[in-house]
Structures are given as structure tokens and as C-alpha cells.
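J.:
Protein chains in written order, with the numbering used here: chain U, 1 to 224; chain A, 1 to 478.
#1: According to DSSP, is residue 405 (chain A) helix, strand or coil?
#2: Kindly indicate the opening and closing residues of the beta strand (DSSP E) around residue 328 (chain A).
#3: Tell me the residue span of the beta strand (DSSP E) that contains residue 130 (chain U).
#4: Report buried or exposed for residue 83 (chain A), applying the criterion of at least 16 other Cβ atoms within 10 angstroms of its Cβ.
#5: Among the residues of its own chain, which have a CB less than 6 Å from the CB of residue 139 (chain A), if the five just before and after it don't count?
#6: Taking residue 380 (chain A) as the query, report the chain U residues whose CB atoms sit under 9 Å from its CB, ordered along the chain.
#7: For residue 297 (chain A), which residues in chain U fall below 9 Å Cβ to Cβ?
#8: Does the CB of residue 2 (chain A) have a neighbour CB from chain U at under 8 Å?
#9: Label residue 478 (chain A) either buried or exposed according to how many other C-beta atoms from any shown protein chain fall within 10 Å of its C-beta, with 16 as the threshold for buried.
#10: Given that a residue counts as buried once 16 or more other Cβ atoms are within 10 Å of its Cβ, and exposed if not, what is residue 19 (chain A)?
#11: Taking a contact to mean a Cβ-Cβ separation below 8 Å, would you say residue 158 (chain A) touches residue 149 (chain A) in this structure?
#12: Give the range of the alpha helix (DSSP H) segment to which residue 10 (chain U) is assigned.
#13: Whole angstroms is fine: what's the gap from residue 74 (chain U)'s alpha carbon to residue 333 (chain A)'s?
#14: Name the one or two DSSP bridge partners that residue 112 (chain A) has.
#15: To be precise: take each residue of the region 145 to 159 of chain U, compare its Cβ to all Cβ atoms of chain A, and keep it if any distance is under 7 Å. Which residues remain?
#16: Let me confirm a value: residue 107 (chain A) is counted as buried when at least 16 other C-beta atoms fall within 10 Å, else exposed. Which label applies?
#17: Against residue 343 (chain A), what residues of chain U qualify as contacts under a CB-to-CB distance less than 7 Å, listed in chain order?
#18: Return the residue from the list A:25, A:23, A:335 that minimises the CA-CA distance to residue 183 (chain U).
#19: Is residue 347 (chain A) helix, strand or coil when you go by DSSP?
#20: Since residue 396 (chain A) sits in a beta bridge, which residues does DSSP pair it with?
#21: Could you pull out every residue in the same chain whose Cβ sits closer than 6 Å to the Cβ of residue 111 (chain A), ignoring the five residues on either side in sequence?
#22: Grouping DSSP H, G and I as helix and E and B as strand, with all else coil, what is residue 194 (chain A)?
#23: Straight-line CA distance for residue 210 (chain A) to residue 250 (chain A)?
#24: I'd like to know whether the C-beta atoms of residue 124 (chain A) and residue 136 (chain A) end up nearer to each other than 8 Å.
#25: Using 10 angstroms around the beta-carbon of residue 304 (chain U), count the other beta-carbons present and answer buried if the total reaches 16, otherwise exposed.
#26: Quick one: Cα of residue 156 (chain U) to Cα of residue 339 (chain A), how far?
#27: Would you verify that the beta carbon of residue 184 (chain U) is, or is not, closer than 8 Å to some beta carbon of chain A?
#28: Closer than 7 Å by beta-carbon distance: list the chain U residues that pair up with residue 373 (chain A), in chain order.
#29: In chain order, what residues of the same chain have a beta carbon less than 8 Å from the beta carbon of residue 141 (chain U), not counting five sequence neighbours either side?
#30: State yes or no: is the C-beta of residue 337 (chain A) within less than 8 Å of the C-beta of residue 442 (chain A)?
#31: Residues of chain U with CB closer than 7 Å to the CB of residue 266 (chain A), please, in chain order.
#32: Report the rounded CA-to-CA distance for residue 152 (chain U) versus residue 194 (chain U), giving the unit in angstroms.
#33: Is there contact here, the region 163 to 181 of chain U with the region 324 to 333 of chain A, by at least three beta-carbon pairs under 8 Å?
#34: For residue 448 (chain A) versus residue 464 (chain A), is the C-beta spacing smaller than 8 Å?
#35: Give the single residue among A:302, A:278, A:291 whose Cα lies nearest to the Cα of residue 265 (chain A).
#36: In the region 441 to 459 of chain A, which residues sit with their C-beta less than 8 Å from some C-beta in chain U, listed in chain order?
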């Protein structure tokens, strides 16, 4: 997967390049709109990560130019503003996505994966998900640990489903709120932790091999 | 002194004084001119009346005196008498009032009484073409004044002319002119000075305002303008300025409080994050190092959350909160958030009950989510364990009312009046004091408002009202 990252802040650019390269992406970088256009003209990219405030042009204008030049790859916009511009929110309808700074690298990668998956041919939707002895029946919305049926609320099931779908990958609290509750909020209290804590009590009972792990400073991961 | 002169030179008093002075000059000049004209006419009428009377007498004498040798003498005598009658002792020589008498008669020498040589007069009279009985002007070479001349035709051919150069009248008019000019000049100069002084005095008050305002820097906003004893425009200007200064001073004060609080609230986490990372740097145990770094990231998350809210509030204050309104079923939105918060509440032993009436509101979904989340955060963070929280959504008139009641300790009395201000928080609060300020900002941006109160039996009540789209009456009925 080839990515073009356009960002004028070198600290952010460096950590994005390092993080994304470690995750297996081929990353090209540009610090302004002009060089980004030059790079895009010479090569084909699978995705773009574009900062909104570029020194020489508005990030949205750059996207418009890319689109006009026939680039169809999805775009992830980085915005320094929390209350994002209506035009940026409009991107969501256009199949692209945005992320406000500061963000966790894990969240950026998750959003990027979602974006890149959209372009790919849809896989056969699974009806059952497995991680170790945990099994989720997505049709009946039931979860079993071994032979035991877990008594989950619909909310808890959705949360578990999200963790299982991202098994092995760290998910942040922000991602959980966004993907499970469909809210871009930033609670000042530990609401997500309590939700996970409750779910964990049901999934990882005393004496069982724990599946849900807390990664301090990052979020949670479900893994065997 | 130099600055004073500079101020005088640049004063608008000059411009203000010029126009009234011009008006005054023109007005007085017109009045004086009319007066002059009337007096001049009067003087001429008087001399004309005299002239006509004398001419008639002379005509009588001329007609009734037998034509003998003495005829000429007699007429001359009468004419000289007349001349003497108008002689003015205050005049002398060339300027003396002059009278001439001319009687023309066919086939005889004209009789002439008056200044010599008579030839110039006779030519002037002949070229003047006078109408009988009506005095007219005859200009004679060498005389400064025209002669008023009246002509009487005699029944036989020829006629008598009586001329009069009224130097007394002319002198009087000259004196009148001089005085008029003097009066006009004095009035204009005085008028200009008075207007200028008045304008300058008034403008010097403006100048004082300008001085005071220029002295007011960001360091000293406490100076105020003198408002003056009269409730006139300048006093109102001063008052307006003073009010503006009050507002600026209070904004600056608020800004300082805000900056101080932000600085304070930023310094502590930055210090602790830095400290944590320093400890991490010295850590040799990998697990310990991992913990320290994670701790630092958690600290940064809290910091960025606070920054975000501060920026949101700043944006709301600047009126820059962009609303992307859509019709939203508020009850569903609140229920979803209550579901999210329920476990966190339950963990602290709170019992949450909801009574949510379905109401459609036209709101920004993202802001509304964050607003309700802030309200719930507020409950989670500030209630002592094991409280009851009741969340109510109801239609009240044209507004949707969200009421959150609890049976906790309520708002401390010293806090309640400004709990909606940013960075205001209770003594034992661990938050950054921005939550309710943000609720207020979002409600206001949607045309709603927030009320805080305490229940009589204890416990806080937060009531947020929002304009609603419609009352879905059929759905309200149970």
C-alpha cells in the first residue's frame, strides 16, 4: 500500500512516516501542496493523508485538485481544529474521513484501514467471529466463551464485536466511542473504562485466560 | 508651549468658527447696505424736495417779474439767496455745497448764477436731456458730485434750471460708510473670536478625552474621563467612553483570569508529564519504563482534552461555533448517552432514572452529543457516591427542556451564580471547570439557555432549554 502524507509540521510528519512504515505501508511525504502535486503526478497512491493547514494552500483545495486530476484514492484529512469546518465534515459523505489533532497513531491507522478497505472488493460478510474460545454469532447476536453463553446487553455485544473485529490491534477510547456509540465525544470521566471493565468481568471470568487487555496510555486490545 | 501651538494650529475650532463668521459678515453687510441705501435715498429726497421748491419759487419770480433791466439782477439775487441758504459752515472750498441757476431764453443770453466758467455746465445740462419737473443727475467735468438739477419749462420757449450739488449729504454718507465699515469689521472680528473661543473651549473637552484615552494603555485601564456638569453630547461621549472602558477593563480582567487559569492548569500537567518522562528516562526496568511512558501519554490526553474544550469555548465566545443543524430526536440522543454513562454511574452507586418525552429539535448533532456528555460528566465527577440522578426531557411551550436533578449536596452557594463561567469549579473538584461553561456556550449558540438551581430538599438542578422544531403530539400521548 502506497501512501502520500502531506503535512508541514516536520515532527508530525516524522512520526507518521515512522509509524506507518512500521505498519507496513510505503510512505512518501510532502511538506506543501506544490510538492504533493508533483509527487502525485508521477506516481499512483492508494491513499492520502493531508493536513488541512498547508503553507501554500488549503488542504481541501489540494484534495479538489487531486480529484480533478483523476486521483480516486481515499483521503484522510488531519485538522488542528476540534470544531471542524462544515466542509471537512462534508468529506465523510464523500467517502473520505478526517481526524483532529492530537490523535493516537492507532486511531489514524484504524481510520486509514477503514478508508482503504472501502476501495477494495467487499469480502463475504462473516456471520461468526472467533478469537480463541470466544465465539460471536452476529446473526443471533450471541457470544459464547467455550460452551458458556455470555449474558451481554446489546451495548456490550456491540463493544465486544468491535474488539473482536479488531482483535490483536489496539483500539483507543475515542475509537470505541466513535465506532460503537457513533459519537465523537471526549468524556472527562472514565465512562469507556467502566464499560470495558463490565464487559471484561463477563468475558474473562475468574480462572479463564484473559482476552481483553488494557494497554496503558493507549487503550484496549482483545487478543488470544 | 510648542505643543500648545501645535494643538491650536490643528484645532477644528478654526473651521468651526469660519462659517458662522462668514454668515455674520454677510448678514451684517446686508443690513448695513440696506440701511445705507435707505438713508441715502432719504437725503436725496430731502434735497430734491428743497430743489423743487426753490425751482418753483424761481420760476414764479421769473414769470412774474417784469422784463426790465432789473430782471436779471433780481433773478440772480434770488438764486444767490437760495445758494446761501444751503451753504454749510462745516464745508469749505471745492467741497462747499454748490447751487447754480440757469435761465435760457430765446434770442437772449442765458442768465447764469453759479460757479464759473458756466460753459461746462451749460453743455452738461444740454446733454443730460432732463424731463421737466423731475430732478435728475447732471455730471459736470471737474466736480466730484453730480448736480441734482430740476428743469422748469417756461410757457415761452426756454426754461429754468436749478442745480444743487449736495456736499453735506455726500459727506454725511461718507461718514455713514466709514462707521458702517467700522461696525461691520468689529462685529465680524468679535464674532469670529467669540465663536472660535467657544468652539475651542468645547473642543478642548474633546482634546481632554483624547488625551485621557491615549494615556489609557493595557497597563492602566482604570482612568476614566470627566463627564462634565452638563448632559450634552460631549458628556455623553465621555459616558460612552467610560462604559466602553468598563467593558474593556472587565474583558481584560476576565482574559487575565482566563490566561492565569490556563497557565496554571497547563503548568501542573506539563510539570507532571515532564517529571514522569524524566523518571522514565532513568528507568532500567522495561516494564516500569513502559508504565511511566503510558502515564505520560495519559497526562497528555487529559491536557489535550482541556485544550480542546478551552478552544471550543473561545470559539463559542467569538461566535464562531459552526452549527450544522439537523432534526434530531432528542430523547433518543439522551438515552444513548445515558446508556453509555450508566455503568460509570452505577459503579459509583448512583441510580439513574430517565423520563424522556420524544421531542424533535433542530441542533448540531456533534455539539449536542458533547453538551449532554458534559452534563453527565458533571454528575459523574461531582456527586458523592450513591446518589439519585433523574434526567427529564419535556416540552415546555416552544422549548425542549432537559432537566438533570440529583440529591447530592447541590451547588455551593458561593459557586452557583458563576458556575457557568469557565474555570470555576468546586473546592474539591478534580475537573478543569470548563464543562458547564461549554454546556452554556452550546445552549446559547442554539438559542437556548442554562439555569442552575438547588432543590429545596438539597441537590442540584440543571435545566437546559432549547428551541424545538415541533411538538409531536400524537407521539407524546401514551
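We put the CB at the ideal spot given by N, CA and C, even for glycine.
T.: Well, looking at it:
#1: strand
#2: 325 to 329
#3: 128 to 131
#4: buried
#5: 146
#6: 187, 188, 189, 190, 191
#7: 104, 216, 217, 218
#8: In this predicted model, residue 2 (chain A) has a pLDDT of only 43, less than 50, meaning its place in the structure is not dependable enough to derive any value.
#9: Bear in mind that a pLDDT of 41 at residue 478 (chain A), under 50, signals an unreliable position, so the number given afterwards is only what the model happens to contain. Label assigned to residue 478 (chain A): exposed.
#10: exposed
#11: no
#12: 10 to 22
#13: 30 Å
#14: A:102
#15: For the region 145 to 159 of chain U, the set of residues with a beta-carbon nearer than 7 Å to any beta-carbon of chain A comprises 155, in chain order.
#16: With fewer than 16 other Cβ atoms within 10 Å, it is exposed.
#17: Under the 7 Å cutoff, chain U gives 194, 195, 198.
#18: A:335
#19: helix
#20: A:399
#21: 72, 75, 103
#22: helix
#23: 21 Å
#24: no
#25: This structure cannot speak to residue 304 (chain U), because chain U is shown only from 1 to 224.
#26: If I take the Cα positions, the gap works out to 11 Å.
#27: Using a CB distance cut-off of 8 Å, residue 184 (chain U) counts as an interface residue toward chain A.
#28: 185, 187
#29: 154, 157
#30: no
#31: Ordered by position in chain U, no residue passes the 7 Å Cβ test against residue 266 (chain A), which lies about 14 Å from the chain.
#32: 15 Å
#33: no
#34: yes
#35: A:302
#36: So nothing in the stretch comes that close.
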